[in-house]
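Contents: one structure, followed by commentary.
Protein chains: 2
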Amino acid sequence: MTSSECRMDAASVSAIDDERLDWRFRSVPSSLWGLTIGEAARLRPDLFNSGFLAPMVVLDSRALDHNLRTMSDWCAGHGLRLAPHGKTTMAPQLFARQVEAGAWGLTCATAGHLRIYRAFGVSRIVFANQLVDPAALRWLATELERDAGFEFTCWVDSVRAVELMTEALRDATRPVDVLVELGADGGRTGVRDEAGALAIADAVRKSPALRLAGTGGYEGALAHDATARSRDTVAAYLRRLHALTIALADSFETEQVIVTAGGSAYFDQIAEELTTGWPAELPVVPVLRSGAYLTHDDGFYRRISPLGAHPRITGTPLLRSALRAWAEVTSKPSSELALLTLGKRDISFDEGLPEPRSYQRSGVTAELSGHTVTKVNDQHTFLALPPDSPLEVGDRVCFGLSHPCTVFDKWPLIPLVDGENVTGFVRTYF
Amino acid sequence: MTSSECRMDAASVSAIDDERLDWRFRSVPSSLWGLTIGEAARLRPDLFNSGFLAPMVVLDSRALDHNLRTMSDWCAGHGLRLAPHGKTTMAPQLFARQVEAGAWGLTCATAGHLRIYRAFGVSRIVFANQLVDPAALRWLATELERDAGFEFTCWVDSVRAVELMTEALRDATRPVDVLVELGADGGRTGVRDEAGALAIADAVRKSPALRLAGTGGYEGALAHDATARSRDTVAAYLRRLHALTIALADSFETEQVIVTAGGSAYFDQIAEELTTGWPAELPVVPVLRSGAYLTHDDGFYRRISPLGAHPRITGTPLLRSALRAWAEVTSKPSSELALLTLGKRDISFDEGLPEPRSYQRSGVTAELSGHTVTKVNDQHTFLALPPDSPLEVGDRVCFGLSHPCTVFDKWPLIPLVDGENVTGFVRTYF
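Protein sequence lines, in the order shown, are assigned to chains L and W. No gaps in the numbering here: position 10 of the first sequence is 10 in our numbering, and each next residue is one more. No gaps in the numbering here: position 279 of the second sequence is 279 in our numbering, and each next residue is one more.
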C-alpha cells in the first residue's frame, strides 16, 4: 500500500452531473428545475439575477483551484503524501479534483462515509479512526475481496479493538491493514503510552485478520490555537509518534510503513517532525490528512493555519477562503438590529459566527464594515448594526464563515462561482 | 382562509416509499440497498441485528403517536387551531401524520422550505417570517394562481417589506395575505410598537398585492426558560399582541382574522391569552405553531415544555421523547474517558449535549448512569466515565437528545422504531 496512484471511478463522479434539479435543493432557482446539474452549469446562470434563493452558500472556484494547487505543491515539496480528509466536504466531485491534483489517497472518518467513498471507487483510503462495528467490517471485507486494487488502512488504539476486528473479520480473505494510533493525555482517541502501543502491535501481529502497517494520530485534538505553547504541545506529540514508529520498527508487516498525522492547523509541523530522522532501513511514507485547507475559511482556520492570516510558512502563497454565505435582510426592527435569512441549519456556528463582508442592493455590491453577528437561531441571524449602517430590508449580505466541515454538511448542493457566474454545482452526501 | 381542512397530496407523500435505499443513507444496512423504503419497512428489520451502522438516530413510533394525539386533543380542547411548524422535521410523511391528526395548517420558515411543502401539496401554509425575496414571491404568485385551493399567509414587520412585496407581486393575480408581526425590545423580528404596526397595516391596505389577514409573532424569542419572570415576559407580549389585534379590528381585509403565536415552550400561555377576550364582531382564529412537540426531547423541551418534566398543564398526558441516538464506543484510552462514533454532524449540540441512557452489548441492553458527555467534535463524542463504568470498546450507547430541529437536519432518512423493530423510515429534505 503506497506505490500506485490513487484512483476514483470517473463514471460515477460524472454521473453526478446527470441528477435532475428540483425542490430538494433549497437555493436553486425554480427556473432550473428539470435540468440536470450538468445542463444547469452549462447555462452559467448569474448568481444574483437568476432566482437563486437566499440563504445560499457558494464556493469560489478560483480560491478552490488556488488552494488545491497550493497544498499539492507544498506537500510535494516537503516530502509529504497528501490524503485529504474527505469528511470536510463529502463531495465526490471535489475528491476527484483532489485526486487529479495528486492526492496519494483520501482520508475517511466513519463507516457510513466509507461506503460513499467506495460508491465513487476511491482506491486508497486512510480510515482515521477505529473501526469496530461488525457489520461495517464485514462489508469492508467484501469490498477488499471484490476489488484487489482497493487499499485500506484504519487505526487501532486498544487490544480489545484488535480482538473485535479479528472476530468480525474471521471469514475475510484479505487482511486489513491497521496503524497503531498514538494519543496523549487530555486528547481524544489513541493509546496513551508506548507500553500500550507495543501491546497493541503485538496483538495485531498475532491476528490472522490484520497487518500492522504503520502509526498515526491526530495532533489537532491536543491544541486549538497557534500559540507557542500549543505548537510545543503538537511538536512533543509528533516526536512521540516518531519515536513510537521507530520502537515498532521490527513489528511492521507491510512493505512500506505509513506514519500519518495532520489536520489543517499544524501541517508545517508535520513536515518538520515526520519527514526526517528515519532509519535508512525503515520505509516510512509520511502522510498528511488535512481537509479544511481545500476551502480554508474566514475564522478558525484563517487564525490557525500555517498558510492563514498569521503565516508560519514562507515562500508559499497563502490559502484563500472559498466558502461564502449570502442571506437576505428581512427585518430591521430597530436602527441597531437586522435579522437575516441565515440560521444554524445553513451555516457553521461552532467555531465562530459568520462575519459580514459586503452587501448587495439593486445589483450593486459594496463593502460592509462595523457590522457584527451576535447570535444565530435555527433560521435567523442577528446582525448588530453600527449607527451609520446602510442596510435595509431586502438587501443581501455576504458572509465569511468559520469551520468548513459544519457548513458543507448543511448543503446537498453548492454552486461553484466565478465572480457572479455559477460555473458548476458541487453535490455533497451526508 | 380558515374554513376548509388542510390537505396534502397523498400520492406525493406515498411516493417517498418508492425511493430506493443505497449508500446515500448512512446508517441503513447495506443488505437493504436496492430495496425501496417501503419494501425495507415491510421487512421490519431488527435495529440491532440487521447491520444498521452507528451512529444512527431513530424515532420511537409510539412516542410519536402519543405526542401527535396529545397535542391535537389539547389544542382542540383549548380553542386553538394547530399549524405545526414543519421546519422541525422537514419530513412530509410526518406532515401528513400531523394533517391526519387534525392540523389546521402547517407553519413554514423559509422560501426554500415553502417549495418543499408545495411539492407535497400542503394546502394551507402559515409562513412565520417576512418574505421579501422577489424570486420567491414571484414563484409564490404562480403557485397561488395555479392552485385556487392554496391558502398562504406570511408576516410583515416593516413598511419597506410591504413595498418590496408589492413591487415583486405587481403581476400577481391573487392577493397575498399578510399578518402584522409584533415583536418586542430584546426580541427578534416584529415591529416594536403599536404606532409602527398601524403604519404597516395602513400600507398593507393600500397595497394592491396584499390583504391584511391578522396578527402574529413568536414569544419564544423573548424567553428561554420557564421561570415566573420568563412567563411574565411571555404573557405581557401576548397581551400586547391581543391588544394590537383589537386596535387593528377595522383594518382586516379577510373574512376571518388569524392571530398566531407559539412555539413548543409556552403553548399553555397562548391558550390563556389568545383564545378569549375578543370582541364578538371580530372573527378571530387563534393559531398555535408548535413544532418540537412532535418528538419532544430529553433536554431543552423536557425542561421548558408545559407538558414536560415540570408540567404547567394538568389533566393531559405529558409529551414523550421520541428521538434517540445510538453510537458505538470505539476507544477507551483511559478509565475515565470513552470516545464514541457520534459528532456534531450527527446530533444537536446547540441546546445541550446528548445524555447517555443505556448501553447494549451482545444483544443485552442495560441502564447507564453517572456517565456524562463533556464535548462533541465533528465525528466524536467524549464521554466521561464514572469509576465503575461497565462500558467497553464495541458497546453501543443510547443517548437522549436536546432540541429536535438540529437533529432532523442531519439525517436524510430516520428509522421509525417500535421497540427493536424498524417499522418505517422517515425521509427529510434539508
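Cβ coordinates follow ideal geometry from the N, Cα and C atoms, glycine included.
Margin query: Buried or exposed, going by whether 16 or more other CB atoms sit within 10 Å of the CB of Thr-372(L)?
Written below: By the neighbour-count rule (16 or more Cβ atoms within 10 Å), Thr-372(L) is not buried but exposed.
Margin query: Restricting to Cα atoms, I'd like to know which of Ser-358(L), Glu-194(L) and Cys-405(L) is closest to Asp-297(L).
Written below: Of Ser-358(L), Glu-194(L) and Cys-405(L), the residue nearest in Cα terms is Cys-405(L).
Item checked: Listed by chain order, chain L residues near Val-191(W) by CB distance under 7 Å -> What Val-191(W) touches in chain L: Pro-333.
Notebook entry, point to check: Trp-23(L) by DSSP, collapsed to three states: which one?
Noted result: Note: Trp-23(L) maps to coil in three-state DSSP.
Next item on the list: Find out if the Cβ-Cβ distance for the pair Val-57(L), Ile-414(L) is shorter than 7 Å.
Entry: Result yes, Cβ atoms of Val-57(L) and Ile-414(L) sit closer than 7 Å.
Next item on the list: List the DSSP bridge partners of Met-56(W).
Entry: Bridge partners of Met-56(W): Trp-326(W).
Margin query: On the DSSP letters alone, give me the boundaries of the alpha helix (DSSP H) that Ala-203(L) sits inside.
Written below: Membership of Ala-203(L) in the alpha helix (DSSP H) is indicated by the continuous run 194-206.
Check: With a cut-off of 7 Å, does the C-beta of Tyr-429(L) fall near any C-beta of chain W?
Finding: Yes, because at least one Cβ of chain W sits closer than 7 Å to the Cβ of Tyr-429(L).
Notebook entry, point to check: Do you know how far the Cα of Asp-147(L) is from the Cα of Leu-198(L)?
Noted result: C-alpha separation (whole angstroms): 32 Å.
Next item on the list: May I ask you to verify whether the region 259-271 of chain L touches the region 212-229 of chain L, counting CB pairs closer than 8 Å and requiring at least 3?
Entry: Contact holds: three or more Cβ-Cβ distances are below 8 Å.
Notebook entry, point to check: Who are the neighbours of Ser-290(W) on chain L, taking C-beta pairs under 9 Å?
Noted result: Listed along the chain, the chain L residues whose CB falls inside 9 Å of the CB of Ser-290(W) amount to none; the nearest CB is some 14 Å away.
Next item on the list: Show which residues of chain W have a CB atom less than 8 Å away from the CB atom of Arg-115(L).
Entry: Within chain W, the residues near Arg-115(L) are Trp-23, Arg-26 and Ser-30.
Check: Quick one, are the C-beta atoms of Thr-107(L) and Ala-83(L) less than 7 Å apart?
Finding: At a Cβ-Cβ threshold of 7 Å, Thr-107(L) and Ala-83(L) count as neighbours.
Next item on the list: Specify whether the region 156-170 of chain L and the region 126-137 of chain L touch according to this definition: at least 3 beta carbon pairs, one from each stretch, less than 8 Å apart.
Entry: At 8 Å Cβ cutoff, the stretches touch.
Checklist line | Between the CA atoms of Ala-213(L) and Ala-271(L) - distance to the nearest angstrom | finding: A straight line joining the alpha-carbon of Ala-271(L) with that of Ala-213(L) spans about 20 Å.
Next item on the list: For chain W, find out if any of its Cβ atoms is closer than 7 Å to the Cβ of Glu-5(L); answer yes or no.
Entry: It does not: the Cβ of Glu-5(L) has no partner Cβ on chain W nearer than 7 Å.
Check: How many angstroms separate the CA atom of Asp-73(W) from the CA atom of Glu-273(W)?
Finding: Approximately 19 Å, taken between the alpha carbons.
Next item on the list: Measure the beta-carbon distance from Ala-27(W) to Gly-291(L) and round it to whole angstroms, keeping in mind my assumption that it falls under 8 Å.
Entry: It should be noted that the sequence gives Ser, not Ala, for residue 27(W). With a Cβ gap of about 22 Å, Ser-27(W) and Gly-291(L) do not count as contacting.
Margin query: Please give me, in chain order, every unbroken run of the beta strand (DSSP E) with length at least 3 that falls completely inside the region 269-310 of chain W.
Written below: Taking only runs of at least 3 residues, the beta strand (DSSP E) segments lying wholly in the region 269-310 of chain W are 284-288.
Next item on the list: Identify whether Ser-389(W) lies in helix, strand or coil by the three-state DSSP scheme.
Entry: In this structure, Ser-389(W) counts as coil in the three-state DSSP scheme.
Check: Cα separation between Ser-123(L) and Pro-286(L)?
Finding: In a straight line, the C-alpha of Ser-123(L) is about 18 Å away from that of Pro-286(L).
Checklist line | 7 Å Cβ cut-off: residues of chain L touching Glu-328(W) | finding: Val-132 and Asp-133, listed in chain order.
Next item on the list: Provide the residue span of the alpha helix (DSSP H) that contains Gly-77(L), from first to last.
Entry: Looking at the DSSP string, the run of the alpha helix (DSSP H) that includes Gly-77(L) is 61-77.
Checklist line | Separation of Gly-79(L) from Gly-469(L), as counted between CA atoms | finding: Outside the modelled stretch of chain L, which goes from 1 to 430, sits residue 469(L), for which no answer is possible.
Next item on the list: Determine the chain L residues that contact Gln-93(W) at a beta-carbon separation under 8 Å, and present them in chain order.
Entry: Listed along chain L, no residue sits closer than 8 Å to Gln-93(W) by beta-carbon distance, the nearest being about 15 Å off.
Check: With respect to the beta strand (DSSP E) encompassing Met-426(W), which residues constitute its N-terminal and C-terminal limits?
Finding: The question names Met, but residue 426(W) is Val in the sequence shown. From DSSP, the beta strand (DSSP E) with Val-426(W) extends over 421-427.
Check: In whole angstroms, what separates the C-alpha of Pro-208(W) from that of Asp-22(W)?
Finding: Between the alpha carbons of Pro-208(W) and Asp-22(W) lies a gap of roughly 50 Å.
Check: For Val-393(W), which residues in chain L fall below 8 Å Cβ to Cβ?
Finding: Per Cβ cutoff of 8 Å: Gln-130, Val-132, Ser-158, Arg-160, Ala-161 and Leu-164.
Next item on the list: Assign Gln-379(W) to one of three DSSP states: helix, strand, or coil.
Entry: In the structure shown, Gln-379(W) sits in coil (DSSP, three-state: anything other than H, G, I, E or B).
Checklist line | Pro-440(W) - DSSP class collapsed to helix/strand/coil | finding: In the structure as shown, chain W begins at 1 and stops at 430. Residue 440(W) is therefore absent and cannot be evaluated.
Notebook entry, point to check: On the three-pair Cβ rule with 8 Å, is the region 392-406 of chain L touching the region 336-356 of chain L?
Noted result: Yes, the region 392-406 of chain L touches the region 336-356 of chain L.
Notebook entry, point to check: If the cut is a Cβ gap below 7 Å, which residues of chain W does His-380(L) touch?
Noted result: Simply Arg-188.
Check: Whose CA, out of Pro-333(L), Ala-322(L) and Arg-396(L), lies closest to the CA of Gly-431(L)?
Finding: In this structure chain L extends from 1 to 430, so residue 431(L) is not present and cannot be described.
Item checked: Three-pair Cβ contact test at 8 Å for the region 63-70 of chain L versus the region 96-104 of chain L -> Because the criterion of three Cβ pairs below 8 Å is met, the region 63-70 of chain L and the region 96-104 of chain L touch.
Margin query: What residue range does the beta strand (DSSP E) around Leu-107(L) cover?
Written below: Correcting the residue identity first, residue 107(L) is Thr in this sequence and not Leu. Run containing Thr-107(L): 106-108, per the beta strand (DSSP E) assignment.
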